[in-house]
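Numbering (our numbering), first residue to last: 4 to 190.
This is how it looks when you write it as structure tokens:
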């Protein structure tokens, strides 16, 4: 399957990667500060006492960002786990309709989730909600990342549904599931 918004999904994947790099950098920096303090104490000097306040809080928000921003990319590149034990044995003309049905359910759920997350972020912005940790991060910021990630997934699911419907109506016997190996050969 060729997705028209693949560059948008890749942008989400780059955002997810940036979140992972930021997590690694924050933790490495925190560990380095602790090692420097330990070495100073070992040689008889006093600690510097430098630490990053709220590292675990920032890392948890970044992890959520990495997870949700990568949803659409992993979907279009067939990296999500699918259980096709039963439907893989069906003829292609029937299997395509199972695919359409599954995608339709996924689209409805993703749109409902996106709508709910937009309402949550709007409410957090309206009431100036902040996190209860050390940093008091405005909650609309991480919630907006959730909206973007789930919204991208909804868009990818809509594209996949459209493609599957076209195949189901025009030539259902030609349907075959694309695997990650097939996808890599296409690029």
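Don't be surprised by glycine CBs; every beta carbon is placed ideally from N, CA and C.
Since we're looking at a predicted model, the values are computed, not measured.
Decide if residue i is buried, meaning its Cβ has at least 16 other Cβ atoms within 10 Å, or exposed.
i	result
residue 12	buried
residue 130	exposed
residue 52	exposed
residue 238	Limits of the chain in this structure are 4 at one end and 190 at the other, which puts residue 238 out of reach.
residue 84	exposed
residue 119	exposed
residue 71	buried
Cα separation between residue i and residue j?
i	j	result
residue 173	residue 22	42 Å
residue 98	residue 169	14 Å
residue 139	residue 100	48 Å
residue 61	residue 121	22 Å
residue 133	residue 141	4 Å
residue 76	residue 48	50 Å
residue 152	residue 17	12 Å
residue 33	residue 15	27 Å
residue 79	residue 102	14 Å
residue 146	residue 26	18 Å
residue 124	residue 58	23 Å
Can you name the residues that DSSP bridges to residue i?
i	result
residue 141	133
Uninterrupted alpha helix (DSSP H) stretches inside the stretch 16-80 (no shorter than 4 residues): 58-72, 74-79
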